[in-house]
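The structure under discussion appears below in the form of C-alpha cells.
Numbering (our numbering), first residue to last: 1 to 255.
This is the structure we're talking about:
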C-alpha cells in the first residue's frame, strides 16, 4: 500500500500573536507569546583617553625648611602660613597619565590672608623666587632623582632687575619678583627640554628656594601644573615684561 506524504508548516498567523501549525490537509492555530529577542550584551566601556593640555598637580607632601605650614587644597593650591624666613619649599607630586610633559607651570595667587593680598608674604605682597628646581624620580630598582632641564622660561610679568630667568642661574642672590604688580596672580612657564621627556605617572619633586636677604619674601599661595602633549609656550600669552620705571622708583624701598 502506498503511503501518502505530508508537508508540515509552522508560521506566524497574520495577527503576529499566534502560530499556524498544519499540513496541506488541515491544521490549527496555536496561541503563543510574541517572540522576544535577548538583549545585546553591553558594549565594553572604552578605555579613558588621556587628554593633552594643561593639568593641575596635587602635591602629596609639602615641606618648609623653616617650619612654615602649607595647606594643600583638593585642586592642588598650596596656602602657606606660620613661620617665615629664608625658606625652601619641597613638594612631591605625580604627573597625571597622558602624553609626555612639555612644560611645567607655576602660578602664584593672591589671597586675603596674605599681606597686601599677596601673592608673596613680604609686607607689600611681593616675593622673590631664587631657584626653581624639578627632579624626576626613577621607578627602577634603585630610586634616583634626575634634575629636569628646561629649554626656556617665560612669565606674564617680572619686576625690573628680578627676571624670571634668574630662577635658573644657580645663584641664591637673584630671583623672580613681581613688585609693582602685587595683589594679582602671575604665571611662570618652564618649558622642558625635548631630549628628556617626562612621562605620565612620573613622580616629581619640586624645590622652591627663596633666599631674599630680609627673610620675608617667600611665596604665600601657589599651584603647579603640567602641559602634556602641547607646546608649553602657548600657556603664557603675554611676554615677560619688566616693571615700568615709575613703578620701580616707587617700589624700590619696599622690594
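Every residue gets a Cβ at the ideal spot worked out from N, C-alpha and C, and that includes glycine.
- Query: Alpha carbon to alpha carbon, how far is residue 166 from residue 190?
  - Reply: 12 Å
- Item | Contact test: residue 219 Cβ vs the ligand ATP heavy atom, cutoff 7 Å | The ligand ATP is not part of this structure, which contains no ligands at all.
- Message: Between which residues of its own chain and residue 168 is the CB-CB distance below 7 Å, once the five residues before and five after are set aside?
- Response: 150 and 153
- Item | residue 93 - partner residues in DSSP beta bridges | 204
- Among all the DSSP beta bridges, which residues are the ones paired with residue 148? According to DSSP, which records beta bridges pairwise, residue 148 is partnered with nothing at all.
- Query: Nearest-angstrom Cα distance between residue 98 and residue 109?
  - Reply: Each residue's alpha carbon lies about 26 Å from the other.
- Message: Looking at residue 148: is its Cβ nearer than 8 Å to the Cβ of residue 196?
- Response: yes
- Residue range of the beta strand (DSSP E) that residue 132 falls in? Segment 131-137, the beta strand (DSSP E) holding residue 132.
- beta strand (DSSP E) containing residue 174: first to last residue? Taken as a continuous stretch (DSSP letters only), residue 174 belongs to no beta strand (DSSP E), as it is neither H nor E.
- Item | Option nearest residue 86 by Cα separation, candidates 139, 155, 131 and 143 | 131
- Where does residue 145 land, buried or exposed, given buried means 16+ other C-beta within 10 angstroms? Looking at its Cβ environment, which holds fewer than 16 other Cβ atoms inside 10 Å, residue 145 is exposed.
- Task: Can you tell me which of 215, 200, 218 and 216 puts its alpha carbon nearest to the alpha carbon of residue 225?
- Result: 200
- Task: Report the rounded CA-to-CA distance for residue 319 versus residue 215, giving the unit in angstroms.
- Result: With the chain covering only 1 through 255, there is no way to say anything about residue 319.
- Do residue 230 and residue 53 have their C-beta atoms within less than 8 Å of each other? Cβ distance < 8 Å, so residue 230 and residue 53 count as in contact.
- residue 71 in three-state terms, based on DSSP: strand
- Item | residue 221 and residue 114 closer than 8 Å at C-beta | yes
- Message: Among the candidates 72, 211, 106 and 223, whose CA atom is the shortest distance from the CA of residue 84?
- Response: 211
- Task: Would you mind stating whether residue 129 and residue 40 have Cβ atoms separated by less than 8 Å?
- Result: No, the Cβ-Cβ distance between residue 129 and residue 40 is not below 8 Å.
- Query: Closest by CA to residue 223, which one among 143, 111, 171 and 139?
  - Reply: 111
- Task: Taking residue 157 as the reference, give the member of 103, 55, 126 and 213 with the closest Cα.
- Result: The shortest CA-to-CA distance from residue 157 to any of 103, 55, 126 and 213 is the one to 126.
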